[in-house]
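Take a look at the structure set out below.
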Amino acid sequence: MSAAERQLFYVTSQKGAGIEFVTSRRGRRMIKLNGYTYSARPKMGLKIRWKCSTHQPHGCRAALITVNEEIILINENHIHPPIFKSTQNDDMK
């Protein structure tokens, strides 16, 4: 992917604006944003990197980084449409 095709957005927003924290069927914390879900990777200090939870093994590079539940960096270039799965608390349908 060329630099022109890659779109990263630096985001400044109110804490938690636009994101929803949900629990997966396996009990893991996830982020739901614009119909897509992201799962957390190991913390890097205060930062948490979240990767596309449904297609990351298939090459989807969509990801975001949060600090204190606020998105500071996002790449929303998914290679697939959103997939809606149920979660423990039925937040996603």
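In the UniProt record's numbering, the protein residues as written are 1 to 93. All C-beta atoms in this analysis are idealised placements derived from N, C-alpha and C, irrespective of residue type, glycine included. Quantities reported herein were computed from a predicted structural model and do not represent experimental measurements.
Between residue i and residue j, which are expected to be in contact by the criterion C-beta below 8 Å, what is the C-beta distance as a whole number of angstroms?
i	j	result
His-78	Tyr-36	6 Å
Hey, quick one: how far does the beta strand (DSSP E) through residue i stretch, first residue to last?
i	result
Asn-34	Careful: Asn-34 lies outside any beta strand (DSSP E) and carries neither H nor E.
Thr-66	63-67
Cys-52	47-52
Ile-72	70-75
Measuring straight from C-alpha to C-alpha, what distance separates residue i and residue j?
i	j	result
Leu-73	Ile-31	14 Å
Asn-75	Ala-62	5 Å
Pro-82	Ile-19	15 Å
Gly-45	Glu-69	13 Å
Pro-57	Arg-41	14 Å
Thr-54	Lys-43	20 Å
Cys-52	Arg-25	16 Å
Trp-50	Leu-64	5 Å
Taking the alpha carbon of residue i as the reference point, which residue from the options has its own alpha carbon closest?
i	options	result
Lys-47	Gly-59, Ile-71, Ile-19	Ile-71
Cys-60	Asn-68, Asn-34, His-80	His-80
Thr-66	Leu-33, His-55, Thr-54	Leu-33
Would you kindly check if the distance between the Cβ of residue j and the Cβ of residue i is under 8 Å?
i	j	result
Phe-21	Arg-29	yes
Less than 8 Å between CB atoms is the rule here; does residue i satisfy it with respect to chain D?
i	result
Ile-65	The structure shown has no chain D; it contains just one protein chain.
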